[in-house]
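Novice:
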Amino acid sequence: MPVLVYTESENGKFKKNAFEVASYAASVAKQLDTTVTAISFNAAENESLGAYGVSKVLNIENDTLKIFNAKAYANAICQAVSKENANVVVVSSSTDTKFLTPLVAGKLGAGYVPNVVEGPESIAPFIVKRTAFSNKGFAKTQINADLKIIGVSNNSFGVIENPTTATVESYNPTLSESDFSTKSIEIDKVVGKATIADADIVVSGGRGLKGPENWNMIEELAAVLGAATACSKPVSDLGWRPHGEHVGQTGKPVASNLYIAIGISGAIQHLAGVSSSKVKVVINTDPEAPFFKVADYGIVGDAFEVIPQLIEKLKEFKAQNA
1491 MPVLVYTESE NGKFKKNAFE VASYAASVAK QLDTTVTAIS FNAAENESLG
1541 AYGVSKVLNI ENDTLKIFNA KAYANAICQA VSKENANVVV VSSSTDTKFL
1591 TPLVAGKLGA GYVPNVVEGP ESIAPFIVKR TAFSNKGFAK TQINADLKII
1641 GVSNNSFGVI ENPTTATVES YNPTLSESDF STKSIEIDKV VGKATIADAD
1691 IVVSGGRGLK GPENWNMIEE LAAVLGAATA CSKPVSDLGW RPHGEHVGQT
1741 GKPVASNLYI AIGISGAIQH LAGVSSSKVK VVINTDPEAP FFKVADYGIV
1791 GDAFEVIPQL IEKLKEFKAQ NA
């Protein structure tokens, strides 16, 4: 009974979270004294998963599945669970995966716990630690169902190399027209930039930037750091930035290693959506801004003075350490 892991990819390339969930699955497999089997959709370089403990890859080559479809993907994963006789499935906690996994759990009668931040505390009983109350606390959850599905929170477990030889097997699940009853008509994506979901560093701006004409400052800092750009809800509501960059409880959750908030006061919904980030840096003119209470580092100052100096110092540092 191998541990089955769903590895996400885009345009044939594995996302960073694919390697993290593979690493997590390998850790669980070691506790269970078994192996790891991955399922991938139209991915290239499947053998690369072997570096993170995957011994077998079920790769689906199907043009109809090149665009994410929750129902079809869920059906394919359900069939893989049966094929491999798996009783533990590991997935990420991405937006897409949170959409498809309840379909898998419902169909197979599995116990599903998302936002897990550590390896299982114990195997019998099966207990995992997850975030709760909008990331304000943790809950230790026991899964009693025979089939257990674990959703790993981004950047919580880490990418851990565990070299194994991965064999790749062609996998062709049986899909019907009903699996495609819902289709994605259009997908609007940011091109040529780091994405919020995969970025180790996120630079985010709020109304303190005073207008969209000043956003070049955010983009320049992000470029120096190799970061993704983001914004608060009021900024996207005002049309300064696209809604795809809105982060927070009502936008995209952020679990980056470094989150830099510039001109964002820190409404409770925003804080809830970014609290999983490991290090939070806040730059704001208001010393009473709520964000300072949860920040690891804070700068009370005018962003229009602080950011240019920060960019200059970062460029100097990079030049000296190239």
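Sequential numbering from 1491 applies to the sequence shown in our numbering. The beta-carbon is built from N, C-alpha and C at its ideal position, and this holds for glycine as well. Just so we're clear, the structure is a prediction, and the values are computed from it rather than from any experiment.
Would you kindly work out how many angstroms separate the C-alpha atoms of Asn1549 and Thr1655, rounded to a whole number?
Specialist: Answer to the nearest angstrom: the Cα atoms are 15 Å apart.
Novice: Taking the runs of the alpha helix (DSSP H) that are 4 residues or longer, which of them lie wholly in the segment 1629–1706?
Specialist: Runs found: none.
Novice: Bridge partners of Arg1620, per DSSP?
Specialist: According to DSSP, Arg1620 bridges with Val1606 and Ala1629.
Novice: Using only the alpha-carbon positions, how far apart do Glu1537 and Glu1659 sit?
Specialist: Answer to the nearest angstrom: the Cα atoms are 11 Å apart.
Novice: On the CB-based measure, 16 or more other CB atoms within 10 Å of its CB, does Asp1669 come out buried or exposed?
Specialist: Result: buried.
Novice: Take Ser1624 and list the residues in its own chain whose beta-carbon comes closer than 7 Å to its own, dropping the five residues that flank it on each side.
Specialist: So the list reads Gln1739 and Ala1762, once near-sequence residues are dropped.
Novice: Secondary structure at Ser1767, three-state DSSP: helix, strand or coil?
Specialist: It is coil, neither helix nor strand.
Novice: With respect to the beta strand (DSSP E) encompassing Ser1513, which residues constitute its N-terminal and C-terminal limits?
Specialist: Here Ser1513 belongs to no beta strand (DSSP E); instead the alpha helix (DSSP H) covers Lys1506 to Leu1522.
Novice: Grab the span of the alpha helix (DSSP H) containing Leu1590 for me, first residue to last.
Specialist: Thr1585 to Leu1598 is the span of the alpha helix (DSSP H), which, as asked, contains Leu1590.
Novice: Suppose contacts are defined by Cβ-Cβ distances below 8 Å. Is Gly1828 in contact with Trp1705 by that definition?
Specialist: This structure cannot speak to residue 1828, because the chain is shown only from 1491 to 1812.
Novice: Suppose contacts are defined by Cβ-Cβ distances below 8 Å. Is Ser1513 in contact with Gly1648 by that definition?
Specialist: The answer is yes: Cβ separation under 8 Å.
Novice: If I measure Cβ to Cβ from Thr1524 and keep anything under 7 Å in the same chain, skipping five residues before and after, which residues do I get?
Specialist: The residues are Met1491, Pro1492 and Val1493.
Novice: Rounded C-beta distance between Val1603 and Ile1567? I'm assuming under 8 Å.
Specialist: The pair is not a contact, with the Cβ atoms about 16 Å apart (cut-off 8 Å).
Novice: Since I believe Val1511 is in contact with Thr1497 (beta carbons under 8 Å), could you give me their beta-carbon distance rounded to a whole number of angstroms?
Specialist: Right, their Cβ atoms sit about 7 Å apart.
Novice: Counting only the same chain and skipping the five closest in sequence on each side, list residues whose C-beta sits under 8 Å from that of Phe1628.
Specialist: Contacts found: Val1607, Lys1619, Arg1620, Thr1621 and Ala1622.
Novice: State buried or exposed for Val1692, treating a residue as buried only when at least 16 other CB atoms are found within 10 Å of its CB.
Specialist: Per the 10 Å Cβ criterion, buried.
Novice: Please identify the residue among Asp1688, Phe1782, Val1579 and Thr1685 whose C-alpha is closest to the C-alpha of Gly1753.
Specialist: Comparing Cα-Cα distances from Gly1753 to each of Asp1688, Phe1782, Val1579 and Thr1685, the minimum goes to Phe1782.
Novice: So, at 6 Å on beta carbons, what are the nonlocal neighbours of Ile1750 in its own chain, with the 5 sequence-adjacent residues on each side left out?
Specialist: Val1693 and Val1771, listed in sequence order.
Novice: To the nearest angstrom, how far is it from the Cα of Lys1803 to the Cα of Ala1718?
Specialist: Between Lys1803 and Ala1718, the C-alpha separation is close to 20 Å.
Novice: State the Cα-Cα distance for the pair Asn1577 and Ile1758, rounded to the nearest angstrom.
Specialist: Approximately 38 Å between the Cα atoms of the pair.
Novice: Where are the beta strand (DSSP E) runs, 3 residues long or more, that stay fully inside the segment 1725–1767, in chain order?
Specialist: Qualifying beta strand (DSSP E) stretches, in chain order: 1748–1752.
Novice: Decide if Asn1747 is buried, meaning its Cβ has at least 16 other Cβ atoms within 10 Å, or exposed.
Specialist: The residue in question, Asn1747, is exposed, as its Cβ has fewer than 16 Cβ neighbours within 10 Å.
Novice: Using three-state DSSP, classify Phe1781 as helix, strand or coil.
Specialist: Note: Phe1781 maps to helix in three-state DSSP.
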